[in-house]
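Novice: Please read through the structure below; I'll follow up with questions.
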Amino acid sequence: MSKILITSALPYINGVKHLGNLAGSMLPADVYARAMRLMGHEVLYICATDEHGTPAELAAQAVDMDVAKYCAQMHDAQKQAGAQFKLTFDYFGRSSAPSNHALTQHFAHILEENGLIEERVSQQVYSKADGRFLPDRYVEGTCPNCDFEKARGDQCDNCGKLLDPIDLIYPYSAVSGSKDVEVRDTNHLYLKQSAMADDLRKWVNAAQGWPPLATSIALKWLDEGLRDRAITRDLKWGIPVTNKDGSPRDGFDGKVFYVWFDAPIEYIAATQDWASETGGDWESWWRTDKGADDVQYVQFMGKDNVAFHALSFPTTIIGSGEPWKLVDQIKAFNWVTWYGGKFSTSEKRGVFMDQALDIAPSDYWRWHLIANAPEGNDAAFTWEEFQASVNSDLANVLGNFVNRITKYCVGKFDGKVPDGGQAGEAEAWLITELQTRIPQLISFYEAREFRKAMAETRAIWAAGNEYLTQAAPWTHYKTDVDQAAIGVRYGLNLVTLFGILAQPIIPDAAEKILGAMNIPELNRTWNFGDADGIASLVDALPIGLEISAPEVLFTKIEDTDIAEWSQRFGGGES
RNA sequence: GGUGGGGUAGCUCAGCUGGUUAGAGCGCAGGACUCAUAAUCCUGAGGUCGUGAGUUCAAGUCUCACUCUCACUACCA
Numbered sequence: 196m197s198k199i200l201i202t203s204a205l206p207y208i209n210g211v212k213h214l215g216n217l218a219g220s221m222l223p224a225d226v227y228a229r230a231m232r233l234m235g236h237e238v239l240y241i242c243a244t245d246e247h248g249t250p251a252e253l254a255a256q257a258v259d260m261d262v263a264k265y266c267a268q269m270h271d272a273q274k275q276a277g278a279q280f281k282l283t284f285d286y287f288g289r290s291s292a293p294s295n296h297a298l299t300q301h302f303a304h305i306l307e308e309n310g311l312i313e314e315r316v317s318q319q320v321y322s323k324a325d326g327r328f329l330p331d332r333y334v335e336g337t338c339p340n341c342d343f344e345k346a347r348g349d350q351c352d353n354c355g356k357l358l359d360p361i362d363l364i365y366p367y368s369a370v371s372g373s374k375d376v377e378v379r380d381t382n383h384l385y386l387k388q389s390a391m392a393d394d395l396r397k398w399v400n401a402a403q404g405w406p407p408l409a410t411s412i413a414l415k416w417l418d419e420g421l422r423d424r425a426i427t428r429d430l431k432w433g434i435p436v437t438n439k440d441g442s443p444r445d446g447f448d449g450k451v452f453y454v455w456f457d458a459p460i461e462y463i464a465a466t467q468d469w470a471s472e473t474g475g476d477w478e479s480w481w482r483t484d485k486g487a488d489d490v491q492y493v494q495f496m497g498k499d500n501v502a503f504h505a506l507s508f509p510t511t512i513i514g515s516g517e518p519w520k521l522v523d524q525i526k527a528f529n530w531v532t533w534y535g536g537k538f539s540t541s542e543k544r545g546v547f548m549d550q551a552l553d554i555a556p557s558d559y560w561r562w563h564l565i566a567n568a569p570e571g572n573d574a575a576f577t578w579e580e581f582q583a584s585v586n587s588d589l590a591n592v593l594g595n596f597v598n599r600i601t602k603y604c605v606g607k608f609d610g611k612v613p614d615g616g617q618a619g620e621a622e623a624w625l626i627t628e629l630q631t632r633i634p635q636l637i638s639f640y641e642a643r644e645f646r647k648a649m650a651e652t653r654a655i656w657a658a659g660n661e662y663l664t665q666a667a668p669w670t671h672y673k674t675d676v677d678q679a680a681i682g683v684r685y686g687l688n689l690v691t692l693f694g695i696l697a698q699p700i701i702p703d704a705a706e707k708i709l710g711a712m713n714i715p716e717l718n719r720t721w722n723f724g725d726a727d728g729i730a731s732l733v734d735a736l737p738i739g740l741e742i743s744a745p746e747v748l749f750t751k752i753e754d755t756d757i758a759e760w761s762q763r764f765g766g767g768e769s
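The opening residue of the first sequence carries number 196 in our numbering; numbering runs sequentially from there.
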């Protein structure tokens, strides 16, 4: 047994997340956390909302709300959406929490003492009408390259050229439309990532168990030459910049820390909050001098977050010179794409977590999204694929298997696990199948290879159907009830095994299956043991145990549903 | 523009350090079975692995060029 710390990239506060966010960090992290718990590891799964920054302020402003209230409301909405998707966070915190304020200040002070933070002056566009500095992409104007009139300050959407907002012709504020904008000097704190580049490169090169995506992005940034990064912004909403005694820092009035500085620190702060709520020991997860040296720390995130987790946050951690736990494995995902493009909150493209649950249960989404996780590539979401996953994998292969054998047992064997029968070829085949597939399944989970783990899970379910075809208890029943009994008994044991294996992925269905089979909690873990242990799984249920046939586990998705959803969500348009 | 991915059966994707007839699921065709959610099981058809050249006894796998596509490009997060 080992200690496994799991964090999922913090979902940003400005709205309920879409399925791409779910599929690319929170869901796989949850599946992994659940599987590791079942294997007997001590798991702590931490997540939180990322609440600071310009988009939060503007989103609150758009609905005429105080930003703190807006964030509190959205935090609750996201927490609820997570709970409805059965995400088993041990703690779901907030980056605006007092603990994170304190810890962020701590890191800033110690990094400055260590010479890794310095003040520099840069130029930024200020909008008088809005009374605020504008991040580059909130300045629009005419592109100096192609004359496109709505070019963003960071990049022109028309010609694709990278821009500096200062170069825009006729610049205006994208927030208010005001043309009363000017360039002003502004001082900021910079994190000297460049000073850490050699250490980071050594660390990245030595990293084990990262997908190529994570390593290649990290090395790309290092190869291009790691630049120092501003870690403060001209904003009101955020963690203010203070001196060590808590007094305001000179010249940093109206400035706060950049979200990407404080958000990863929230992983630690949320653990502190978890500890104070539960009586847990946060230091044993984060301080290598207090027991965290044997923690395995895995971070889940989309590819856009890799640079921050593989370079910036480690700069904070290593640069502090304090014994903080550094991430061991970064599991990075590509995007789920939506009919050729990205899911987009602003353009309302795609399906959002709350809407998804209006049209299908969480199990359906969990299975489809994890079985088609964007691991190696961007993964295309289509309604047809979703329908096929649910109908074929869940309803036909798993659901129907559970249904056919439990109903048969109820009908012919009084709903009790029957005794009798001789194990033969079919049983031997089944055992061999499980002896090769279950260890493979475990190793896919341990390696966080989710698509492969799901394919293996499906193959195990299919093996159940194949076994029943070979054993054909309904044929034997006519001449030899005992021989029918063994097929039914093994089938029921398989139902139980399938339920146990399904727990991390489709927890609701797993619960229904294991409940119908009357399996106590204690017997639902993943302690399969060696080959003999696996062989014993097929005949583990006590003879005479009463079982019931669960209600239909998965309702099929009809073509008419697909047509309706495509219409409603705009998918399937060409 | 620069950098990094990717382009493999109708669809969604596997193919590790180059090595016999390129794989899976879905879909499709045929057959079997009848316990079951018209479910399941078996068999089969389908690919000159983006294009062109090169290295090699041997290339989906390595090199170069080209092409298409996605992402990143540091003040969106």
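Ideal Cβ positions, reconstructed from N, Cα and C, are used throughout, including at glycine.
Since the model is a prediction, treat every value here as computed from it, not as a measurement.
Between LEU740 and ILE714, what straight-line distance do the alpha-carbon atoms span, to the nearest angstrom?
Specialist: The alpha-carbon atoms of LEU740 and ILE714 are separated by roughly 10 Å.
Novice: Under three-state DSSP, which class holds CYS266?
Specialist: Correct three-state label for CYS266: helix.
Novice: Measuring CB to CB, does LYS526 end up less than 8 Å from PHE495?
Specialist: Contact: yes.
Novice: Just to check my reading of the structure: GLN279 and LEU552 have Cβ atoms closer than 8 Å, yes? What is that Cβ distance to the nearest angstrom?
Specialist: Correct: roughly 5 Å between the Cβ atoms.
Novice: With a threshold of 16 other CB atoms inside 10 Å of the CB of HIS213, please say whether the residue is buried or exposed.
Specialist: With 16 or more other Cβ atoms within 10 Å, it is buried.
Novice: Pull the bridge partners of GLN350 from the DSSP assignment, please.
Specialist: Paired residue(s): LEU357.
Novice: The beta strand (DSSP E) spanning THR720 covers which residue range?
Specialist: Run containing THR720: none; DSSP gives neither H nor E here.
Novice: Could you have a look at SER769 and say whether DSSP puts it in helix, strand or coil?
Specialist: Only weak support exists for where SER769 lies, its pLDDT of 32 falling under 50; the coordinates are left without a value.
Novice: Is any heavy atom in the ligand HEM found nearer than 7 Å to the beta carbon of ILE201?
Specialist: As for the ligand HEM, it is missing from this structure, which has no ligand bound.
Novice: Here's the rule I'm using: 16 or more other beta-carbon atoms within 10 Å means buried, otherwise exposed. How should LYS397 be labelled?
Specialist: By the neighbour-count rule (16 or more Cβ atoms within 10 Å), LYS397 is not buried but exposed.
Novice: Does the distance from the CB of SER373 to the CB of ASP325 come in under 8 Å?
Specialist: Yes.
Novice: From the DSSP output, in three-state form, read off PRO509 for me.
Specialist: Note: PRO509 maps to helix in three-state DSSP.
Novice: Since ALA228 and THR283 should fall inside the 8 Å C-beta cutoff, what is the C-beta to C-beta distance between them, to a whole number of angstroms?
Specialist: Correct: roughly 6 Å between the Cβ atoms.
Novice: Just to confirm the assignment, what range does the alpha helix (DSSP H) spanning LEU593 have?
Specialist: Run containing LEU593: none; DSSP gives neither H nor E here.
Novice: On the three-pair Cβ rule with 8 Å, is the region 305-316 touching the region 384-399?
Specialist: At 8 Å Cβ cutoff, the stretches touch.
Novice: Return the chain-ordered list of same chain residues with a C-beta closer than 8 Å to the C-beta of GLU759, the five sequence neighbours on each side being excluded.
Specialist: There are no such residues.
Novice: Please report how far the alpha carbon of TYR534 lies from the alpha carbon of PHE528, in whole angstroms.
Specialist: When rounded, the distance between both Cα atoms is 18 Å.
Novice: In chain order, what residues of the same chain lie with their CB nearer than 7 Å to the CB of LEU298, ignoring the 5 residues before and after it?
Specialist: Closer than 7 Å at Cβ, skipping near neighbours: ILE460, ILE463, ALA464.
Novice: So within the region 280-348, which uninterrupted beta strand (DSSP E) runs reach at least 3 residues, ignoring any that extend past its ends?
Specialist: If we require 3 residues or more, the beta strand (DSSP E) runs fully inside the region 280-348 come out as 286-289, 312-322, 327-329, 334-337.
Novice: Decide yes or no for the touch test of the region 570-581 against the region 625-641: beta carbon pairs closer than 8 Å, at least 3 of them.
Specialist: In short, these stretches do not touch, since the Cβ pair count stays below three.
Novice: From which residue to which residue does the beta strand (DSSP E) around TRP533 run?
Specialist: From DSSP, the beta strand (DSSP E) with TRP533 extends over 531-533.
Novice: Just confirm the distance between the C-beta atoms of PRO745 and ALA711, as a whole number of angstroms; I'd bet it's less than 8 Å.
Specialist: About 4 Å separates the two Cβ atoms, so the contact holds.
Novice: Please list, in chain order, all residues of the same chain as PHE560 whose beta carbon is under 6 Å from its beta carbon, the five residues on each side excluded.
Specialist: For clarity, residue 560 is Trp in the given sequence; the question names Phe instead. Once the five neighbours on either side are set aside, the close Cβ partners of TRP560 are ALA551.
Novice: Can you list, in chain order, the residues of its chain whose CB lies under 6 Å from that of ALA369, leaving out five sequence neighbours each side?
Specialist: Excluding residues within five positions, the ones whose Cβ falls inside 6 Å are TYR333, GLU335.
Novice: Three-state secondary structure (DSSP) at TYR672?
Specialist: In the structure shown, TYR672 sits in coil (DSSP, three-state: anything other than H, G, I, E or B).
Novice: Quick check: the Cα distance between ARG327 and LEU717, rounded to an integer number of angstroms?
Specialist: Their backbone Cα atoms lie some 58 Å apart in a straight line.
Novice: Which word fits ARG684, buried or exposed, when buried means at least 16 other C-beta atoms lie within 10 angstroms of its C-beta?
Specialist: Answer is buried; the Cβ neighbour count reaches 16.
Novice: Which one of LEU358, TRP477, VAL690, LEU663 has the shortest CA to CA distance from GLN678?
Specialist: Considering only alpha carbons, the answer is LEU663.
Novice: Which first and last residues belong to the alpha helix (DSSP H) in which VAL399 is found?
Specialist: Segment 392-401, the alpha helix (DSSP H) holding VAL399.
Novice: Closest to ASN209 by CA distance: which of GLU706, GLN403, TYR321, ALA255 is it?
Specialist: The option with the nearest alpha carbon to ASN209 is ALA255.
Novice: Can you have a look at MET196 and say buried or exposed, based on whether 16 or more other CB atoms are within 10 angstroms of its CB?
Specialist: That one is exposed.
Novice: Given ARG232, which residues of its chain have a CB within under 7 Å of its CB, disregarding the five upstream and five downstream residues?
Specialist: Around ARG232: VAL238.
Novice: Out of curiosity, what's the CA-to-CA distance linking ALA224 and GLY497?
Specialist: Between ALA224 and GLY497, the C-alpha separation is close to 12 Å.
Novice: Quick check on DSSP: helix, strand or coil for THR453?
Specialist: In the sequence under discussion, the amino acid at residue 453 is Tyr, which differs from the Thr named in the question. In the structure shown, TYR453 sits in coil (DSSP, three-state: anything other than H, G, I, E or B).
Novice: Nearest to PHE538 by alpha carbon, out of PHE764, ALA263, LEU200?
Specialist: PHE538 has its Cα closest to that of PHE764, out of PHE764, ALA263, LEU200.
Novice: Could you name the residues of the same chain whose beta carbon sits closer than 7 Å to that of ALA621, not counting the 5 residues immediately before and after it, in chain order?
Specialist: Excluding positions up to five away in sequence, the list reads TYR662, GLN665, ALA666.
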